[in-house]
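For the record, in the sequence shown the residue sitting at position 9 is 12 according to this note's numbering, with numbers rising by one throughout.
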Amino acid sequence: KPYAFENMLVRTSPSIGIAVYPDNANEAPDLICCADEAMYEAKKNGPGQYRYYASRYQRQSG
(Lines of atoms letter the chains of each structure in order from A and count residues from 1; the text may use other names and numbers.)
(Lines give C-alpha, C1' and ligand atoms only; values in the text may rest on other atoms or scores of the structure.)
Protein backbone atom coordinates (compact mmCIF):
# COMPACT_ATOMS: atom_id res chain seq x y z
CA LYS A 1 0.00 0.00 0.00
CA PRO A 2 1.55 3.34 -0.97
CA TYR A 3 2.19 6.00 1.65
CA ALA A 4 2.77 9.75 1.46
CA PHE A 5 6.29 11.06 2.00
CA GLU A 6 7.27 14.68 1.30
CA ASN A 7 4.39 15.22 -1.14
CA MET A 8 5.07 11.97 -3.01
CA LEU A 9 3.41 8.56 -2.96
CA VAL A 10 5.98 5.92 -2.07
CA ARG A 11 5.62 2.16 -2.52
CA THR A 12 7.88 -0.32 -0.80
CA SER A 13 8.33 -4.00 -1.54
CA PRO A 14 10.91 -5.48 0.82
CA SER A 15 12.89 -8.61 0.11
CA ILE A 16 13.44 -10.53 3.33
CA GLY A 17 15.98 -13.23 4.15
CA ILE A 18 15.30 -15.47 7.13
CA ALA A 19 17.90 -17.48 9.04
CA VAL A 20 17.15 -19.50 12.17
CA TYR A 21 19.30 -19.87 15.29
CA PRO A 22 20.79 -22.40 15.97
CA ASP A 23 19.74 -24.37 12.88
CA ASN A 24 21.62 -22.17 10.40
CA ALA A 25 24.42 -20.74 12.55
CA ASN A 26 25.54 -20.45 16.17
CA GLU A 27 27.16 -17.00 16.03
CA ALA A 28 25.45 -13.69 15.20
CA PRO A 29 27.81 -12.70 12.33
CA ASP A 30 27.31 -16.09 10.67
CA LEU A 31 23.55 -15.91 11.16
CA ILE A 32 23.49 -12.47 9.52
CA CYS A 33 25.47 -13.83 6.55
CA CYS A 34 22.93 -16.65 6.15
CA ALA A 35 20.02 -14.19 6.27
CA ASP A 36 21.80 -11.96 3.75
CA GLU A 37 22.25 -14.87 1.34
CA ALA A 38 18.56 -15.75 1.73
CA MET A 39 17.60 -12.12 1.06
CA TYR A 40 19.47 -12.12 -2.26
CA GLU A 41 17.69 -15.34 -3.24
CA ALA A 42 14.40 -13.57 -2.45
CA LYS A 43 15.42 -10.59 -4.62
CA LYS A 44 15.98 -12.93 -7.58
CA ASN A 45 12.29 -13.86 -7.43
CA GLY A 46 10.97 -10.31 -7.64
CA PRO A 47 9.87 -7.62 -5.21
CA GLY A 48 8.06 -8.36 -1.97
CA GLN A 49 9.42 -11.88 -1.50
CA TYR A 50 10.94 -13.73 1.44
CA ARG A 51 13.16 -16.80 1.60
CA TYR A 52 14.43 -19.01 4.39
CA TYR A 53 18.15 -19.74 4.33
CA ALA A 54 19.19 -23.05 2.76
CA SER A 55 22.86 -23.86 2.43
CA ARG A 56 24.23 -24.59 -1.02
CA TYR A 57 24.50 -28.23 0.01
CA GLN A 58 20.81 -28.34 0.98
CA ARG A 59 19.73 -26.63 -2.28
CA GLN A 60 21.74 -29.06 -4.41
CA SER A 61 20.46 -32.19 -2.69
CA GLY A 62 16.86 -31.02 -2.13
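Beta carbons: idealized from backbone N, C-alpha and C, even for Gly.
7 Å Cβ shell around residue i - same chain, five flanking residues per side excluded
i          : result
alanine 28 : Ala22, Leu34, Cys37
Range covered by the beta strand (DSSP E) that runs through residue i
i           : result
alanine 7   : 6-8
tyrosine 55 : 53-55
Same chain only: Cβ atoms within 6 Å of residue i, ignoring 5 sequence neighbours per side
i            : result
serine 16    : Pro50, Gly51
threonine 46 : Going by the sequence as given, residue 46 is lysine instead of threonine. For lysine 46, where only same-chain residues beyond five positions count, the Cβ hits under 6 Å are Ser18.
glutamate 44 : Arg54
Residue i - containing alpha helix (DSSP H), residue span
i           : result
tyrosine 43 : 31-47
Beta-carbon proximity of residue i to residue j, cut-off 8 Å
i           : j          : result
tyrosine 24 : alanine 41 : no
Straight-line gap, residue i to residue j (C-alpha atoms, nearest Å)
i           : j            : result
lysine 4    : valine 13    : 9 Å
glycine 20  : alanine 57   : 10 Å
glutamate 9 : glutamate 30 : 40 Å
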